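Protein chains in written order, with numbering that gives the first Met the number 0: chain A, 0 to 232; chain B, 0 to 522. Glycine included, C-beta positions come from ideal geometry on N, C-alpha and C. Since the model is a prediction, treat every value here as computed from it, not as a measurement. Structure first, commentary second.
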Amino acid sequence: MTLSVLLVEDDRDLRSTLGAALEVEGYHVACSASLADARARLNHADALPALVLLDLGLPDGDGESLLAELRRRGPVPIIVISARDGEGPTIRLLDAGADDYLAKPFTLGELLARMRVALRHRGTVAPPATTRYRHAALAVDLAGRRVQRAGQEVRLTPTEYRLLARLVRQAGQVVTHRQLLADVWGPEFIGHTHYLRLYMAQLRAKLEADPADPRLLLTEPGVGYRLVEPDPD
Amino acid sequence: MSRPAPATAQRLARGLVAWSLAWAVLLVFDERMELANKALLLVLSSAVAGLWWPAWVALPAGAAAIGAFNYAFVPPRGTFAVDLHHDAVLLATMLAVSWIVALLMARLRRVAAHERDHALRAEQLRELGDALRAADDPADQGPQLLQALARATQAEVTVQLAAGAPGLEARTIGRPPDDEEDAALRLCLADGRALGPGSGRHEAMGALVLPLRGRAGTFGAALLRLPAEPGERGERHAPARAQAQAHLQALCDQMGSALERVQALRHAAAAREAAHAQALRNTLLASISHDHRTPLATILGAAGSLQEQGERLSAAQRRRLADTIVDEATQLARLTENTLQLARLESGAPVLRADWESLEEIVGSVLARTRRRHPGQRFKVHLDKGLPLVRCDAVLIVQLLDNLVDNALRYGADTAAVEISARLQADALVLAVADRGPGVSAGDRERIFTAFERGPAAGGTPGDARRRGVGVGLALCRAIAAAHGGHMTVRPRRQGGSRFELHLPLQLAPPGPDDAAPAGPAP
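Put into structure tokens, the structure is as follows:
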């Protein structure tokens with residue numbers, strides 16, 4: 000089955016390069032140069048695309064309205080493509096429900112990896128809702144509330160476990176500080192980023208071989224955290 | 000000068016009350032008092048009335064009272080005749096004492112009033128001076144000068160500030176002047192001299208115009224629409240009036256000097272800003288011409304080769320060209336990031352997105368990033384246990400550390416591991432990147448933090464693509480450190496190589512959640 004991708008990008012060259020590259024990867028790509036065009040395309044299409052790549056800083060806005068509209072219509076994965084300076088709009092879109100982001104300039108390999116993870120999470124190609132996670136020595140079973148490292152049971156405090164579980168549910172994707180604080184501690188703790196720093200340090204100390212050089216619990220500076228993509232089964 | 004004293008009518012009334020009380024006592028206790036006592040009582044009341052009455056009331060009043068006393072109490076009573084010799088002496092003494100007391104009291108009052116005026120003026124000058132010193136823009140204190148002048152004279156005041164340095168515009172505070180007043184203000188602004196009543200120029204004018212003088216010019220003028228001279232003021236003699244005017248001028252001059260000071264500061268700031276903007280523009284131009292052209296030329300060459308000769312190249316050659324394009328484009332992206340960030344930090348007040356960050360995470364994300372570019376590179380990382388969180392902009396500190404690591408990879412010895420460490424000093428967090436490269440000579444240690452300077456190693460090997468294009472990297476590190484209130488240093492290492500250090504000021508982190516382990520990596 001060919002998956003359709005909607006690419007919303009105002010730069011013509013980048014649009015055609017990315018479009019061609021994705022076609023080579025087997026996707027069917029529709030392109031829009033503006034939010035208005037993307038909206039029109041969505042309204043006229045019979046079905047939603049399998050994935051949306053949304054560039055920030057389009058001539059007619061930051062895409063928040065398009066995001067809201069897409070979220071009303073269905074669980075379409077949305078990957079935000081952002082410029083590196085100014086994480087503000089990126090974080091806003093992630094908090095509003097975008098699945099992941101990619102900062103310009105990026106390589107095709109990075110884009111394809113993000114798309115793969117996003118498609119898996121939204122259930123288009125594989126069973127949704129990760130309840131088991133395995134990467135290198137780490138194995139997490141959310142159903143059984145078990146965390147193992149190299150076959151050894153790891154004892155986590157309840158908060159550490161909730162934090163890890165939240166990341167596992169979106170493994171491979173970035174989870175913003177705000178989302179983590181709201182889901183693990185509660186909405187009133189948004190802004191207490193220092194809690195996150197402390198608990199991430201504790202989690203890394205228990206799960207990483209070298210906490211100063213983490214390979215599992217990755218930091219996205221200024222945005223949030225990402226649990227590395229699980230090993231393919 | 001207005002003074003906080005009872006109005007004339009009230010003062011007259013108080014004197015009258017004193018006299019009336021004395022006369023009431025005299026009349027009621029007439030039978031029971033001796034004449035000498037009565038006389039003393041009268042002298043007392045005359046002295047008391049003198050506390051409030053001006054001399055020109057007190058003197059005739061004293062005379063009249065003694066006449067009445069003679070008529071009413073001195074035998075033969077009911078006439079102005081005096082029988083006894085000593086009674087006549089008594090009356091004369093009473094009159095003399097009461098007059099002397101009245102005169103003394105009047106003089107004392109004048110001296111006190113003068114002192115009060117003096118203190119009041121000093122206080123006003125001090126208040127205005129404080130307000131002007133505290134103000135960023137003394138022009139905003141125009142209303143305060145206006146109030147001070149109005150309080151001192153009961154005049155309706157308009158203050159006109161002249162246009163000056165950039166950002167200082169002409170301004171009128173108070174009631175807009177009519178045509179005649181406007182002409183007077185302009186004249187005063189032009190020649191910096193007072194005009195109007197008491198100034199020696201245009202004495203007939205209804206308003207007094209005073210210049211706001213600085214040392215090198217006039218920075219405005221104040222127009223005082225003096226009220227019509229009330230009767231009491233007629234008595235004020237020329238010296239008092241000159242003093243009052245000198246005080247008003249002192250108030251105005253205080254404002255003038257403050258305006259002058261600010262203008263000088265503004266001029267200096269504008270000049271500094273212009274020089275800074277020029278330097279920044281030069282930096283950006285140099286960055287583009289110096290560092291961006293080479294990778295662009297390489298990319299263009301490789302891409303052109305693919306375009307023109309694609310079919311004739313082997314798969315391995317095509318692959319190599321594609322790799323070159325990706326590598327050089329990545330390098331170009333970093334250069335652009337650095338240049339843009341430096342421009343952002345250097346142009347005015349940078350906005351930091353500061354949060355509580357962990358150095359461990361910052362180091363970790365830089366390592367992850369570097370490993371993608373240099374998969375084989377070895378690192379030695381040592382972070383002290385229990386490092387506190389640090390309040391900073393993570394994106395900037397990551398960029399700083401990324402540049403330091405990149406610098407170490409460029410100039411360090413190929414075989415040696417790059418060392419990254421973080422430790423706690425007395426009042427600073429120190430993040431260090433050390434290499435085993437040729438090191439930085441003592442003379443270059445300051446210079447390399449300026450845009451487009453590099454150590455001699457780079458100059459010595461111009462063909463080495465890996466070692467070109469630090470350009471703004473270390474300058475950006477310094478700008479990022481400065482934006483966080485910290486600083487960068489570079490030191491030679493004992494067995495060769497350099498050690499670049501970022502010193503960040505330490506702040507007290509907020510308390511963690513109750514169930515958290517102590518900060519930092521657990522054992």
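Query, Result
"Which residues, taken in chain order from the stretch 348 to 366 of chain B, show a beta carbon closer than 8 Å to some beta carbon of chain A?", "R352, D354, W355, E356, S357, E359, E360, I361, V362, G363, S364, L366"
"B/D434 and B/V417 look like a contact to me (Cβ under 8 Å); what is the Cβ gap, rounded to whole Å?", "6 Å"
"Between which two residues does the alpha helix (DSSP H) harbouring B/V88 extend?", "84 to 133"
"Leaving out five residues before and five after A/E219 in sequence, what residues of the same chain have Cβ atoms less than 8 Å from its Cβ?", "V173, R225"
"Output the distance between the C-alpha atoms of B/R377 and B/A415, rounded to the nearest integer angstrom.", "8 Å"
"Report the residues of the stretch 93 to 105 of chain A with a CB closer than 7 Å to any CB of chain B, ordered along the chain.", "P104"
"State the DSSP-derived secondary structure class of A/D54, mapped to helix, strand or coil.", "strand"
"In chain order, what are the residue ranges of uninterrupted beta strand (DSSP E) at least 3 long that sit wholly in the stretch 19 to 97 of chain A?", "27 to 31, 50 to 54, 77 to 81"
"Would you mind sorting B/A21 into buried or exposed? The rule is 16 or more other CB atoms within 10 Å of its CB.", "buried"
"Please identify the residue among B/L334, B/N406, B/C187 whose C-alpha is closest to the C-alpha of B/S288.", "B/L334"
"Contact defined as beta carbons within less than 8 Å: I believe B/G495 pairs with B/G438. What is the distance between those atoms, to the nearest angstrom?", "6 Å"
"A/A117 touches chain B at which residues, Cβ-Cβ below 9 Å?", "Within chain B, no residue comes near A/A117; the closest Cβ sits about 20 Å away, beyond 9 Å."
"Closer than 7 Å: is that where the CB of A/L180 sits relative to any heavy atom of the ligand GTP?", "Although the ligand GTP was asked about, the structure shown includes no ligands whatsoever."
"My output table needs one value for B/A62: the three-state DSSP class, helix, strand or coil.", "helix"
"Please classify A/A142 as buried or exposed, where buried requires at least 16 other C-beta atoms within 10 Å of its C-beta.", "exposed"
"If I'm right that B/A151 touches B/L247 with Cβ under 8 Å, what's the distance once you round it to whole angstroms?", "6 Å"
"Rounding to the nearest angstrom, what Cα-Cα distance links B/A478 and B/L279 in this structure?", "12 Å"
"I want to verify the contact list: residues of chain A whose CB lies under 9 Å from the CB of B/V156, in sequence order.", "Within chain A, no residue comes near B/V156; the closest Cβ sits about 49 Å away, beyond 9 Å."
"With a threshold of 16 other CB atoms inside 10 Å of the CB of B/K384, please say whether the residue is buried or exposed.", "exposed"
"Would B/G66 and B/W98 qualify as a contact pair, given that the criterion is a beta-carbon distance under 8 Å?", "no"
"Classify A/Q147 as helix, strand or coil using the three-state DSSP reduction.", "strand"
"Could you check whether the Cβ of B/V325 sits closer than 8 Å to any Cβ belonging to chain D?", "Any reference to chain D falls outside this structure, whose protein chains are A and B."
"In chain A, which residues lie less than 9 Å from B/V417 when you measure between Cβ atoms?", "Within 9 Å Cβ-Cβ: nothing; B/V417 doesn't reach chain A, min ~12 Å."
"Starting from B/K37, follow the beta strand (DSSP E) in both directions and report where the run begins and ends.", "That residue, B/K37, is in no beta strand (DSSP E); its alpha helix (DSSP H) goes 34 to 49."
"Out of curiosity, what's the CA-to-CA distance linking B/A63 and B/E30?", "23 Å"
"Starting from B/L423, find everything on chain A with Cβ-Cβ shorter than 7 Å and list it in chain order.", "In chain order: nothing, as chain A lies at least about 15 Å away."
"Can A/G60 and A/L92 be called in contact, C-beta distance under 8 Å?", "no"
"Buried or exposed: which applies to B/T217, given that a residue is buried once 16 or more other Cβ atoms fall within 10 Å of its Cβ?", "buried"
"I need the straight-line Cα distance from B/T171 to B/L160, nearest angstrom please.", "6 Å"
"If I follow the unbroken alpha helix (DSSP H) through B/A12, where does it start and stop?", "7 to 27"
"Given B/C476, which residues of its chain have a CB within under 6 Å of its CB, disregarding the five upstream and five downstream residues?", "L399, N402, M487"
"Count the C-beta pairs between the stretch 197 to 217 of chain B and the stretch 253 to 260 of chain B that are closer than 8 Å, then say yes if the count reaches three, no if not.", "yes"
"When you compare the stretch 198 to 214 of chain B with the stretch 78 to 89 of chain B, are there three or more beta-carbon pairs, one atom per stretch, that lie closer than 8 Å?", "no"
"Of the choices B/R109, B/R76, B/F79, whose alpha-carbon is the least far from that of B/A54?", "B/R109"
"At what residues does the beta strand (DSSP E) containing B/S357 begin and finish?", "Element bounds for B/S357: n/a, residue is neither H nor E."
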